[in-house]
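*Asks:* Handing you this structure, nothing more for now.
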Amino acid sequence: MNVVASKRKQSGITLVGFIIVMVVAGFFAYMGMILGPAYSEYYGVVKAVNFVAGEATPNTTDFESLRKGLDRQFNVGYVESVTGKDAKLIRDKTGNILSMTYEVRKPFLYNIDFVVKFSHAQPLGSKTAGD
């Protein structure tokens, strides 16, 4: 009777259960290692767009200088997926907006890829978000 009572009090995970938990955790860790750098690079793009837009005047139309500024900031921030040529200048009544929209394709397993779309826009002359 003592053995039966002690078995009821024992609880835990079996070896098979532990292996299943480790496989699931490993899958999500691998997914994070694949997608993490893409999101890290996106934050570099956001920082560069915010910096260049903040340095420009609201009615700037010299798009080439904005592109060169973005390229310099991308070089400093180790951004390799996009260039200044991928940026767009949106003209608005209230002022111009610097916009960056792009997608990154990361191979995952065999013929399965992750496609992540990123978009960020910042009004020229505003030094608010992301600095």
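When we follow the numbering used here, the leftmost residue of the sequence shown carries the number 10, and every step to the right adds one.
For every residue, glycine included, the Cβ atom is placed at its ideal position computed from N, Cα and C.
Source: prediction; values computed, not measured.
Residues in its own chain within less than 7 Å of Q82 by CB, not counting five upstream and five downstream?
*Replies:* A57, F60, V61
*Asks:* Return the CA-CA distance between A38 and Y52, expressed in angstroms with no decimal places.
*Replies:* Those two C-alpha atoms are separated by around 20 Å.
*Asks:* Looking at R76: is its Cβ nearer than 8 Å to the Cβ of A96?
*Replies:* yes
*Asks:* Touch check for the stretch 105-113 and the stretch 84-96: three-plus C-beta pairs under 8 Å?
*Replies:* In this structure the stretch 105-113 touches the stretch 84-96; the number of beta carbon pairs closer than 8 Å is three or more.
*Asks:* Excluding sequence positions up to five away, which residues of its chain have a Cβ less than 6 Å from the Cβ of G63?
*Replies:* K136
*Asks:* Report back the beta-carbon spacing between T123 and L44 to the nearest angstrom; my notes put them in contact at under 8 Å.
*Replies:* Reading off the sequence, residue 123 comes out as Phe, not Thr. Approximately 6 Å separates the beta-carbon atoms of F123 and L44; this is inside 8 Å, confirming the contact.
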